[in-house]
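Just so we're aligned, residue 28 is where the sequence shown starts under the working numbering, counting upward by one.
Glycine included, C-beta positions come from ideal geometry on N, C-alpha and C.
One structure below.
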Amino acid sequence: EKILIEALQLSPDSIHSRTELGKVYQQLKKWDSAEKILIEALQLSPDSIHSRTELGKVYQQLKKWDSAEKILIEALQLSPYSIHSRTELGKVYQQLKKWGSAEKILLEALQLSPDSIHIRVELGKVYQQLKEWSKAEIILLEAIKIQPNNVYARTVLSQIYLRIEDYERCEKVLKEVLEIQAKNIHALNLLAKLYYKQRRFSEREEKLFEIYKLNPNSIPTLLELAKVFIRFRKYFIARDLFSKAHSLNSYNLCIVTELLILNRLFGDKDALSELKEKGDQILKRNKYARCSHRFIHFSFEENEKYDLIKRKIKGQYTKGKIISEDGTAYPFIEEVILNNRLKNNDAVWFSIYQDKSNKKEYANFIEPYYENIKNLVELK
Numbered sequence: 028e029k030i031l032i033e034a035l036q037l038s039p040d041s042i043h044s045r046t047e048l049g050k051v052y053q054q055l056k057k058w059d060s061a062e063k064i065l066i067e068a069l070q071l072s073p074d075s076i077h078s079r080t081e082l083g084k085v086y087q088q089l090k091k092w093d094s095a096e097k098i099l100i101e102a103l104q105l106s107p108y109s110i111h112s113r114t115e116l117g118k119v120y121q122q123l124k125k126w127g128s129a130e131k132i133l134l135e136a137l138q139l140s141p142d143s144i145h146i147r148v149e150l151g152k153v154y155q156q157l158k159e160w161s162k163a164e165i166i167l168l169e170a171i172k173i174q175p176n177n178v179y180a181r182t183v184l185s186q187i188y189l190r191i192e193d194y195e196r197c198e199k200v201l202k203e204v205l206e207i208q209a210k211n212i213h214a215l216n217l218l219a220k221l222y223y224k225q226r227r228f229s230e231r232e233e234k235l236f237e238i239y240k241l242n243p244n245s246i247p248t249l250l251e252l253a254k255v256f257i258r259f260r261k262y263f264i265a266r267d268l269f270s271k272a273h274s275l276n277s278y279n280l281c282i283v284t285e286l287l288i289l290n291r292l293f294g295d296k297d298a299l300s301e302l303k304e305k306g307d308q309i310l311k312r313n314k315y316a317r318c319s320h321r322f323i324h325f326s327f328e329e330n331e332k333y334d335l336i337k338r339k340i341k342g343q344y345t346k347g348k349i350i351s352e353d354g355t356a357y358p359f360i361e362e363v364i365l366n367n368r369l370k371n372n373d374a375v376w377f378s379i380y381q382d383k384s385n386k387k388e389y390a391n392f393i394e395p396y397y398e399n400i401k402n403l404v405e406l407k
């Protein structure tokens, strides 16, 4: 970035430096800067194919699909044999769900570049959407034959096998990917998904923990692991995982909904009010947002019998009660949610609830104490 900016200071009308800087901004995810510099390049060279194609890629990242389609069609009008522009346009048509147009443009690109792996993989994805499983399998196997160590083609092929419930071949292909690239997170995620479908839960959890170790900020992994900890009756850890996912993407309605459900279970009115407001904001922006029906269904209903007084405080487990750090003894609430692995005198997290009818206070959501969620395997 620094050296290309210097080049532009020395030669302000350099198209090549601008286009290369546009590529750098893409790598840095500075999409607005990339768009601005590539538009400047086009103003200086209105017939530039390269600048147009790069701008088409930026528009895809900004989800400006109509602008991406328009600029890439312009590129093809200027250079009808441009393989790169055709391939990028094929990707845009997939986003616009123009599957016939995507297939047509990618087949044209393949005729121009018969040995292309990338075009074959994109075609495989199109055939997957069209549910033309045989065509998808054939084109992806061709890609693997051309380049045996290509993990991308194998990963897409595994998704085909997963969709048609050919679990044996799906697992085989994913294990081949991991032999080539042991830390391929996409393959590990797909393997975890496969194990879930096969009800191989312990193997699935092992893969999820492996992914978390490789990438603790993977939102799909955080969500799946939160559900695992709910199954272990460790709700505070689950809430921490959902909250971490929410901090990474605060406008994901599915994450908001999961937090809403969990805090509804806790009876945390303040948290529910905030989450309801956030969910409503998301729906105003996009009424078709994923999980919209589930969010509306699980909107806050007041706990009739108990009020939450304090959530997640430290204490000590003894049979039938919890002793807080200040020495107060709290009996268990009716139908207590209690982790079944606790032993006498274990340190715990718990929440305090007050019975509305008699103002007595009780303990609920009692689970093993932990400092943080860095090492999830130990917390399991």
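Query, Result
"Residue environment, T355, which counts as buried when at least 16 other CB atoms sit within 10 Å", "exposed"
"CB-CB length for Q121 against I144, believed under 8 Å", "Going by Cβ atoms, the distance from Q121 to I144 rounds to 17 Å, so no, they are not a contact pair."
"The region 380-387 / the region 227-241 touching (three or more Cβ pairs under 8 Å)", "no"
"C-alpha gap between G294 and F322, whole angstroms", "16 Å"
"Backbone CA spacing between V404 and F236 [nearest angstrom]", "7 Å"
"Among K240, I246 and I191, nearest to K224 - alpha-carbon criterion", "I191"
"Inter-residue Cα distance where the pair is Q104 and F228", "53 Å"
"Span of the alpha helix (DSSP H) around I400", "I400 -> no alpha helix (DSSP H), and no H or E assigned at all."
"The region 304-311 in contact with the region 249-258 per 3-pair CB rule at 8 Å", "no"
"C-alpha gap between R181 and F269, whole angstroms", "31 Å"
"Beta-bridge partners of T46, as assigned by DSSP", "According to DSSP, which records beta bridges pairwise, T46 is partnered with nothing at all."
"Separation of Y154 from V464, as counted between CA atoms", "The structure shown does not extend to residue 464, since the chain is modelled only from 28 to 407, so the question has no answer here."
"Pairwise C-alpha distance: D74 and L11", "Lying before the first or after the last residue shown, residue 11 is absent from the chain, which here runs from 28 to 407."
"Opening and closing residue of the alpha helix (DSSP H) in which G117 lies", "I110 to Q122"
"Beta-carbon spacing of D373, Y397 below 8 Å", "no"
"Test item: CB-CB of A102 and S94 under 8 Å", "no"
"Chain D contact for E304 (CB, 8 Å cutoff)", "Chain labels in this structure do not include chain D; a single protein chain is all it has."
"Separation of I64 from K271, as counted between CA atoms", "35 Å"
"Segments assigned alpha helix (DSSP H), at least 4 residues, entirely inside the region 144-196", "144-156, 160-173 and 178-190"
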